[in-house]
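For the sequence shown, our numbering gives the first residue as 9, with consecutive numbering after it.
Positions of the beta carbon are idealized from the N, C-alpha and C atoms, including for glycine.
Because the structure is a prediction, the values reported are computed rather than measured.
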Amino acid sequence: MATGKIKVTTENIFPIIKKFLYSDHEIFLRELVSNAVDATSKLKALSSLGEVKGDVGTPLVEVKVDKEAKTITISDNGIGMTSEEVKKYINQVAFSGAEEFVKKYDDKLDDAGIIGHFGLGFYSAFMVAENVEIFTKSYQDEPSVKWSCDGSPKFKLEETDKENRGTDIVLHIAEDSIEFLEDSRISELLNKYCKFLPVEIKFGTKEITNKEGEGDDAKEVKETVDNIINNPTPAWTKSPSSLKDDDYKSFHRELYPMNFDEPLFHIHLNVDYPFNLTGILYFPKLKQNVDLNKNRIQLYCNQVFVTDSVEGIVPEFLTMLQGVIDSPDIPLNVSRSYLQSDANVKKISSHITKKVADKLNEMFKGDRKAFEEKWEDMKVIVEYGMLTEKKFFDKAEKFALYQNVDGTYSTWTEYLDKIKVNQVDKDGKTVVLYTNDKEAQHSYITEAKEKSYDVLVLDGPIVSHLIQKLENEKENISFVRVDADAMDKLIQKGEEIPSVLSEADETSLKETIERVLPKEQYTVQFESMSPTSSPFTITQSEFMRRMKEMSATGGGGMFGMNNMPEMYNLVVNGNHPLVSKVLGEKDSDLQKAMLKEATDLAKLSQGLLKGEELTLFIKNRYKDLV
């Protein structure tokens with residue numbers, strides 16, 4: 009048996025770090041600019057402690073592209089490095105200067121604004137550069153130095169004549185990465201990754217027009233100024249008390265310049281225990297054709313953009329929201345490209361859920377009328393949350409709204425109080441009648457209202473799942489679509505109405521009906537109802553239809569249900585005069601024609617009369633008018 013130590017050398021690990029540490033090569037700019045921002049933040053922190061003499065000037069990071077020389081330069085006027093610090097932080101892979109700095113001054117600085125953690129970011133430069141140079145001068149009284157490396161583990165370190173404090177990193181771009189020498193490409197990356205970094209970032213200059221003078225003497229004067237590409241103090245870094253509603257709307261436009269719809273409302277996150285979390289979330293106006301891949305929530309770590317894939321840190325139902333979340337406590341992979349799941353992520357997710365629920369409840373209690381006006385635009389998010397998050401479901405009871413066909417909104421408790429007398433069946437179960445299409449089911453709704461029943465409008469994309477959830481969570485509750493059965497049978501009261509038809513009558517009539525309607529698709533059933541109820545009604549089992557709908561939208565229903573053929577019931581009201589008339593008709597052809605006419609009307613009321621059948625029905629009605 010042999011034992012020993014695994015040998016890791018720069019010769020075999022360095023190429024891996026250079027090429028595979030980051031999934032996307034464009035990340036190099038984020039990492040190098042973030043390092044430059046850290047350098048200025050460190051200088052500011054030391055200055056506040058009196059460890060830096062004199063005026064440190066205005067912090068600035070500059071990015072320059074020289075297309076001819078094929079170089080990109082990232083410069084800062086920050087803390088700089090001595091020769092020893094270069095050896096320590098650059099030549100030792102994964103030794104983080106930021107982390108060491110924070111540990112050293114942890115007891116003196118509450119928040120140094122330091123971004124870095126791993127100490128690997130610098131090496132992302134070699135993903136796009138064949139040669140990298142560092143020119144740096146420390147704030148300490150030490151000679152300036154130059155470090156250079158051609159992408160191999162070998163480097164050169166020598167004194168240089170750099171006069172100003174700070175660091176310049178020069179990337180000599182490789183042939184396979186010349187796309188990064190285009191100003192437009194660099195501008196795109198700066199906007200994506202560095203838009204809200206806490207230090208001003210300059211990328212070239214721009215021309216602005218100012219007005220001088222007043223009235224007729226006024227003239228436009230053009231001026232060339234630094235092109236500062238970022239906002240160092242975005243809205244989420246400020247106290248909510250210092251912001252007005254217009255400030256939040258303005259920030260939303262800054263986040264999503266191509267989105268012209270104002271959000272419904274915002275939620276400002278500001279937590280410092282048991283974890284640090286800031287951010288602003290916006291409830292958008294959700295449209296039928298909403299693109300969930302656009303205008304997503306953006307995740308930041310100390311104002312550095314990480315990702316817009318926030319699944320995990322944000323509960324699934326809230327991924328439809330917009331805005332920003334920023335936390336230094338989120339667990340990132342070593343390349344700071346995506347989240348790693350741990351206990352903190354779950355805590356943050358739970359807190360965001362609670363914060364959203366509390367905000368919605370506050371809005372509901374504060375101005376119910378305004379809340380109701382916004383409800384249709386946000387109900388999908390709320391209903392999705394009720395389905396997927398138990399804690400949110402419990403809290404939503406206070407503010408989730410249900411609208412009836414008359415346009416009246418009620419909470420769940422209010423609605424049950426409203427229907428508990430008239431819509432309770434013989435078994436003591438409260439029956440909630442609903443429609444998913446007011447126009448298509450108008451005749452059924454009318455019948456229900458004639459019986460003083462109330463009908464809810466439940467027409468969202470996940471309504472079947474929501475109904476199932478409510479039935480499971482609530483006691484003695486049943487949901488029935490208003491067209492699921494003959495009206496007298498929707499809410500079984502236990503009242504028996506005698507039938508005028510004999511068993512022989514029903515058998516005879518059933519045989520005739522089955523010559524008109526295909527029995528593979530329609531099941532004939534006789535009911536004894538009021539003579540004023542419809543003679544023929546087409547219904548579909550509430551259970552079967554709901555299972556099919558749930559299967560179609562995913563996440564529920566029964567396996568294979570979505571592929572089953574549509575099956576319907578033809579409910580015959582044996583006490584209706586038309587039924588007796590049809591039964592008494594001796595001419596079989598005329599009897600069949602009467603049944604065809606009656607069943608076509610029943611199909612028409614359900615939107616089932618289509619194609620050739622509909623065309624013939626219309627033609628025959630015109631003939632009757634001639």
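Same chain only: Cβ atoms within 6 Å of residue i, ignoring 5 sequence neighbours per side
i: C3; result: A question about residue 3 goes unanswered here, because the residues of the chain that appear run from 9 up to 634.
i: T396; result: E324 and F325
i: I427; result: D462
i: C157; result: V140 and F163
i: E593; result: Q599
i: Y630; result: none
i: F567; result: Residue placement at F567 is poorly supported in this model, since its pLDDT is 48, which falls under 50; the coordinates still yield a value, given next. Correct list: empty, nothing qualifies.
i: S516; result: none
i: D632; result: none
i: Y576; result: Y530, I546 and Q548
i: D337; result: F283, N284 and N352
Beta-carbon spacing of residue i, residue j below 8 Å
i: Y452; j: D491; result: yes
i: S472; j: V439; result: no
i: V388; j: P469; result: yes
i: V2; j: Q614; result: Within the shown structure, residues of the chain are numbered from 9 to 634, placing residue 2 beyond reach of any answer.
i: D441; j: A456; result: Here residue 441 turns out to be Leu, not Asp, going by the sequence shown. Yes, Cβ-Cβ distance for L441 and A456 is below 8 Å.
i: L466; j: N444; result: yes
i: D176; j: T81; result: yes
i: F401; j: T361; result: no
i: S152; j: D169; result: yes
i: P282; j: K373; result: no
i: K518; j: N484; result: no
i: G86; j: A44; result: yes
i: E405; j: W420; result: yes
Sequence-distant residues of its chain with Cβ nearer than 7 Å to residue i (five each side left out)
i: E380; result: L409 and Y417
i: L586; result: P543 and A606
i: K363; result: I275 and L277
i: T545; result: A494, V579 and A610
i: D234; result: K210 and T213
Close-in-space but distant-in-sequence residues of the same chain around residue i (CB under 8 Å, 5 per side omitted)
i: D608; result: L617, E621 and F625
i: Y346; result: Because Y346 carries a pLDDT of 46, less than 50, the predicted location of this residue cannot be relied on, and no value is offered for it.
Sheet register partners of residue i (DSSP bridge)
i: L165; result: W155
i: D84; result: V69 and T175
i: S542; result: In the DSSP output, where bridge partners are listed per residue, S542 has none listed.
i: L395; result: Answer is none; L395 lacks a bridge partner.
i: F534; result: V580
i: F487; result: V440
i: K227; result: E220
i: L307; result: T315 and I333
i: V279; result: L285
i: I236; result: K210
i: S418; result: Y410
i: T547; result: N577
i: I8; result: Nothing can be reported for residue 8, as the shown portion of the chain is limited to 9 through 634.
i: T79; result: D74 and H180
i: V322; result: E319
i: H274; result: Y290
Range of the contiguous alpha helix (DSSP H) that encloses residue i
i: A53; result: I35 to S56
i: D632; result: G619 to L633
i: L285; result: Counting along the chain, L285 falls outside any alpha helix (DSSP H), though it belongs to the beta strand (DSSP E) covering L285 to F291.
i: F211; result: Counting along the chain, F211 falls outside any alpha helix (DSSP H), though it belongs to the beta strand (DSSP E) covering I209 to E220.
i: G331; result: Counting along the chain, G331 falls outside any alpha helix (DSSP H), though it belongs to the beta strand (DSSP E) covering Q330 to D334.
i: F259; result: D253 to L263
i: V94; result: S91 to Y97
i: V463; result: That residue, V463, is in no alpha helix (DSSP H); its beta strand (DSSP E) goes V463 to V465.
i: N480; result: V471 to E481
i: G592; result: P585 to G592
i: M495; result: M495 to L498
i: T520; result: E511 to V524
i: A606; result: S596 to S613
i: I194; result: D191 to Y201
i: I4; result: Residue 4 lies beyond the residue range present for the chain, which begins at 9 and ends at 634; the question has no answer from this structure.
Boundaries of the beta strand (DSSP E) in which residue i is found, first to last residue
i: A137; result: A137 to K145
Residue i beta carbon near the ligand GTP (any heavy atom closer than 7 Å)
i: L525; result: With respect to small molecules bound, the structure shown includes none, and the ligand GTP cannot be examined in it.
Determine contact between the segment 281–288 and the segment 231–247, defined as no fewer than three beta-carbon pairs at a distance below 8 Å.
yes
Closer than 8 Å is the cut-off here; do at least three beta carbon pairs connect the segment 66–85 with the segment 36–55?
yes
At least three beta-carbon pairs within less than 8 Å, the segment 84–100 to the segment 181–201
no
Using 8 Å as the cut-off, can you tell me whether the segment 171–190 makes contact with the segment 205–221, which would need three or more C-beta pairs spanning the two stretches below that distance?
no
Across the segment 493–503 and the segment 541–558, are there enough close Cβ pairs to call them in contact, namely three or more that are closer than 8 Å?
yes
Counting Cβ pairs closer than 8 Å, one from the segment 186–194 and one from the segment 222–231, do we hit at least three?
no
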